[in-house]
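Colleague: A single structure is presented below for examination.
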Amino acid sequence: MTESTYLLAERLGQLLRGLKHTVTTAESCTGGGIGQAITLVPGSSAWFEAGYITYSNRIKSKLLGVPPALIETHGAVSEPVVLAMAAGAIQHSAANYAVAVSGVAGPDGGTPNKPVGTVCFAWGAADALQAATVHFEGDRHDVREQSVNFALLKLIRLCEQS
1 MTESTYLLAE RLGQLLRGLK HTVTTAESCT GGGIGQAITL VPGSSAWFEA GYITYSNRIK
61 SKLLGVPPAL IETHGAVSEP VVLAMAAGAI QHSAANYAVA VSGVAGPDGG TPNKPVGTVC
121 FAWGAADALQ AATVHFEGDR HDVREQSVNF ALLKLIRLCE QS
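Residue 1 is where the sequence shown starts when you use full-length UniProt numbering, and the numbers rise one by one after that.
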């Protein structure tokens, strides 16, 4: 993890502590990287509720309640699926906020519609989730690192607007 990633996680913690809110993560392509960044910050147990690593579609459905039909219709790397992942993470953890991520980190798995580097994110509170799809350049490590930083930045902006 880079120093800048740590600083983002530290800033997120400062904001969440000030708001007296908690966050949960639902991760696929980052494999727990967001949760790792968060838990490297001392005192994160006060504001980090839970982290779900839901790499397979079956586990996305089983742990987070993502409807299998949603995955079949849109694919695991889609805004509807990450929105459902974030909603499920909040529901199962009682956190105030969630961030969810699913993407194609590479080097394989890309398609013409979803090339390697395509990552979908959802973040927010249960009643105000937002989603975005981003394309990152680089190898698998680069895509995952950029995804972690993007997720942390979105949570920081959310807290700053609260």
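Note that the Cβ used here is the ideal one computed from N, Cα and C, for glycine as well.
Could you check where the beta strand (DSSP E) with THR25 kicks off and where it finishes?
Modeller: Note, THR25: beta strand (DSSP E), 23 to 27.
Colleague: With burial defined as no fewer than 16 other Cβ atoms inside 10 Å of the residue's Cβ, what is the status of LEU15: buried or exposed?
Modeller: Per the 10 Å Cβ criterion, buried.
Colleague: Taking Cβ to Cβ, would you say VAL134 is nearer than 9 Å to ALA37?
Modeller: No.
Colleague: Using the C-alpha atoms, what's the distance from ARG140 back to ALA76?
Modeller: If you take the alpha carbons of ALA76 and ARG140, they lie about 18 Å apart.
Colleague: What are the boundary residues of the beta strand (DSSP E) that includes SER102?
Modeller: Segment 97 to 103, the beta strand (DSSP E) holding SER102.
Colleague: Per DSSP, GLY124 forms a beta bridge with which residues?
Modeller: ALA98, LEU129.
Colleague: When we look at the beta-carbon of ARG58 and count the other beta-carbons within 10 Å, is it buried (16 or more) or exposed?
Modeller: Counting Cβ neighbours within 10 Å, ARG58 comes out exposed, since fewer than 16 surround it.
Colleague: Given a cut-off of 9 Å on the beta-carbon distance, is the pair PHE48 and GLY35 in contact?
Modeller: The answer is yes: Cβ separation under 9 Å.
Colleague: Compare the Cα-Cα distances from MET1 to each of CYS159, ARG157, LEU155, GLU145 and report the closest residue.
Modeller: It is GLU145 whose Cα lies nearest to the Cα of MET1.
Colleague: Which residues in the same chain as LYS154 place their Cβ atom closer than 6 Å to its Cβ, once the five residues preceding and following it in sequence are excluded?
Modeller: Result list for LYS154: TRP123, in chain order.
Colleague: Which of the three DSSP states, helix, strand or coil, is assigned to PHE48?
Modeller: The answer is strand: DSSP assigns PHE48 an E or B state.
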